[in-house]
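Chains as they are written, first to last, in UniProt numbering: chain A, 1 to 138; chain B, 1 to 138.
To start, the structure under review is shown below, and the notes come after it.
Protein chains: 2
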Amino acid sequence: MNIGQAAKRSGVAAKTIRYYEEIGLIPAAGRTASGYRDYGDAEVETLKFIQKARSLGFSVHDVGDLLTLWRDRDRASADVRRIAQGHVLAVEQKIAALQAIRQTLEGLISRCHGDDRPDCPILEGLAPGCCGDTGQGL
Amino acid sequence: MNIGQAAKRSGVAAKTIRYYEEIGLIPAAGRTASGYRDYGDAEVETLKFIQKARSLGFSVHDVGDLLTLWRDRDRASADVRRIAQGHVLAVEQKIAALQAIRQTLEGLISRCHGDDRPDCPILEGLAPGCCGDTGQGL
DNA sequence: AAGGACCTTCCAGTCACCGGAAGGTCAAGG
DNA sequence: CCTTGACCTTCCGGTGACTGGAAGGTCCTT
C-alpha cells in the first residue's frame, strides 16, 4: 500500500511518516518500481504503536526506546516500566505547574471587574513596582 | 545600563532581550556611542512585566497584546480579562489532557510487574492487534 | 489525451528561544 | 602602554515535532 493508505490506516499523517523515516524512528520503507514508498500491515502496526505512544505524550526519543523494547522479545518489563514512570513524573510536574498558573490567573481575574473602566488588577498584578509590589513576583 | 545589567535586574536573559527586540515585542533600545544597547529603569520594568506574563504561560503574542493594553491608560479592563480568560481556558484544557494521559499511564504501569520477565502490559497496551485489541485505542 | 488525485524531493516556517563563533569595547592591574 | 578578561555586537545554526507549499513525476479513469 502507498503512504496515503498507510497514513489513513495508522492515523499518522503521510508527512509525519516521511519525517519519522528521515529521523530514523522507522526504517526506510521499501519502494515500488516508480519510487513510491510501499507499506505492509506490519509497518502500519508499528505506526499505530507510535501514534498511541505519541498521543500519551511520549517524546519521539522515548518512542524510539519503546519501539526497540517492543521489538525485543527478551526485554525486561522493568525497562519499559522505567520509561513510563519517568514520563508520568514529567506529566505530573507539568500538571502541577499548570495548576499553579491557573490558580494565579483565576485570582487575578476574579479581582478584575472586566468592564469599560481602565483599572485592571490583572495588569497591576503583572506590573512590577505597582500597587505595593515588592518585586517578589506574583 | 547595558544589556547584562538589564538582564540581571529583569530576570530576562540578555539573549532573550535581543530576541524580543528583534521580533518587535519591545522597541529597539537606545545605543551608546560605541553601539552598546542602553537601558533605563522603564525598560527594565517592561521586561519584568514580560517575564511575569511569560511565567504565567502567556504566549509572546499574548504578551504583546497585554503590553499594548498595559501602556494604554484608557484601555478597558474587559479587554485584559478576555485575554486572561482565554488563556485560563487553554491552561485548563492542557491540564485535562495531561490528567487523562497520567491516568492511562498509571493504569498501564500498575499492571506491569516491572521485573526481568519480558511480558509487559505497557507495551501490550500500546500495541495494536495484540491481546484482544479492538483497534479502538487505549 | 486530459484531468485529478496521488506520489516524490526539497525548502521554509512554526515557537521561543539557546549556543557558539568572530570580532569590537571597556575597565582594571602590572 | 599593554594585557587580560569580562563584557558587548552581529550572524548563523540548532532545538522538537512537525506542517505547508512549490515543482515535478505517476497512476487511474474517462
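For each residue, glycine too, the CB sits at the ideal point set by N, CA and C.
Test item: CB-CB of residue i and residue j under 8 Å
i	j	result
residue 153 (chain B)	His87 (chain B)	In the structure as shown, chain B begins at 1 and stops at 138. Residue 153 (chain B) is therefore absent and cannot be evaluated.
Leu56 (chain B)	Leu98 (chain A)	no
Leu123 (chain B)	Leu69 (chain A)	yes
Ala6 (chain A)	Val60 (chain A)	no
Ala76 (chain B)	Asp115 (chain A)	yes
Leu126 (chain B)	Lys52 (chain A)	yes
Ile50 (chain A)	Tyr19 (chain A)	no
Ile95 (chain B)	Tyr39 (chain B)	no
Ile83 (chain A)	Gln85 (chain B)	no
Ile17 (chain B)	Leu47 (chain B)	yes
Secondary structure of residue i, DSSP reduced to three states
i	result
Gln136 (chain B)	Bear in mind that a pLDDT of 41 at Gln136 (chain B), under 50, signals an unreliable position, so the number given afterwards is only what the model happens to contain. Coil.
Asp38 (chain B)	strand
Gly30 (chain A)	strand
Pro121 (chain B)	helix
Ile109 (chain A)	helix
Asp72 (chain A)	coil
Ala7 (chain A)	helix
Ala100 (chain B)	helix
Val12 (chain A)	coil
Ser77 (chain A)	helix
Ala127 (chain B)	coil
Leu25 (chain B)	coil
Gly86 (chain A)	helix
Ser59 (chain B)	coil
Gly64 (chain A)	helix
C-beta neighbour in chain B for residue i, strict 8 Å
i	result
Val91 (chain A)	yes
Val12 (chain A)	no
Val60 (chain A)	no
Leu25 (chain A)	no
Ala6 (chain A)	no
Arg37 (chain A)	no
Arg73 (chain A)	yes
Ala127 (chain A)	yes
residue 139 (chain A)	Because residue 139 (chain A) is not part of the residues shown, which for chain A are 1 to 138, the question remains open.
Arg114 (chain A)	Note that residue 114 (chain A) is Gly in the sequence shown, not Arg. Interface residue, yes.
Beta carbon proximity, residue i to chain A, threshold 8 Å
i	result
Asp65 (chain B)	no
Arg54 (chain B)	no
Asp119 (chain B)	yes
Gly86 (chain B)	no
Ser77 (chain B)	yes
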